[in-house]
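Trainee: Please read through the structure below; I'll follow up with questions.
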Amino acid sequence: MKYYSLIDKVYRIENLKKAYGAVKANNGAPGVDGQTVRAFGENLDDEIVKLHLELKTGTYRPSPVLRVEIPKPDGGKRLLGIPTVRDRVVQQALLNVLQPIFD
3 MKYYSLIDKV YRIENLKKAY GAVKANNGAP GVDGQTVRAF GENLDDEIVK LHLELKTGTY
63 RPSPVLRVEI PKPDGGKRLL GIPTVRDRVV QQALLNVLQP IFD
């Protein structure tokens, strides 16, 4: 399968909405922009259209990842990277398209 035949499936509005549904179900913490899953969902149509256009035109750029330290049972710390909600939606949209290929 060629790249151009996959990217158009990634940025389809229906796929991005499905991806948001998966991100919403996980309800993770906000990333560096502070936007919550709920806030993204309140403007879902606008956010999805914006992502669709950015992905379609090649102007989408992921945000930096928020780094937080998680305590480990042995007293140490583990670094955890938290992407923004919009970046998680794009990641999930990619997974929606690629996972059936590799299953």
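The opening position of the sequence shown corresponds to residue 3 in the numbering used here, with each subsequent residue numbered one higher. The beta carbon of each residue, even a glycine, is placed where N, CA and C say it ideally should be. If you're wondering where the values come from, they're calculated on a predicted model, not measured in any experiment.
(1) Within this structure, are the beta carbons of residue 34 and residue 86 separated by less than 8 Å?
(2) Decide if residue 17 is buried, meaning its Cβ has at least 16 other Cβ atoms within 10 Å, or exposed.
(3) Apart from the five residues just before and just after residue 96, which ones in its own chain have a Cβ nearer than 8 Å to its Cβ?
(4) Near residue 62, what residues of its chain come up, given a Cβ to Cβ distance below 6 Å and the 5 sequence neighbours on each side ignored?
(5) Quick one: what does DSSP say residue 77 is sitting in, helix, strand or coil?
(6) For residue 23, report the span of its alpha helix (DSSP H) as first-last.
(7) For residue 103, list the residues DSSP reports as bridge partners.
Mentor: In brief:
(1) Numbered from its first residue, the sequence shown carries residue 34 at position 32. Numbered from its first residue, the sequence shown carries residue 86 at position 84. Contact: yes.
(2) On the sequence shown, residue 17 is found 15 positions in, with the first residue counted as 1. Answer is buried; the Cβ neighbour count reaches 16.
(3) Locating residue 96 in the sequence shown gives position 94, counting from the first residue. Only 12 meet the Cβ criterion.
(4) Here residue 62 is taken as the residue at index 60 of the sequence shown, counted from 1. Excluding sequence neighbours, residue 62 sits near 56.
(5) Position 75 of the sequence shown, counted from the first residue, corresponds to residue 77. For residue 77, the secondary structure class from DSSP, reduced to helix, strand or coil, is coil.
(6) For the purposes of this step, residue 23 is taken as residue 21 along the sequence shown, with counting starting at 1. Segment 15–28, the alpha helix (DSSP H) holding residue 23.
(7) Residue 103 sits at position 101 when you count from the first residue of the sequence shown. DSSP, once it has assigned bridges, lists no residue as partnering residue 103.
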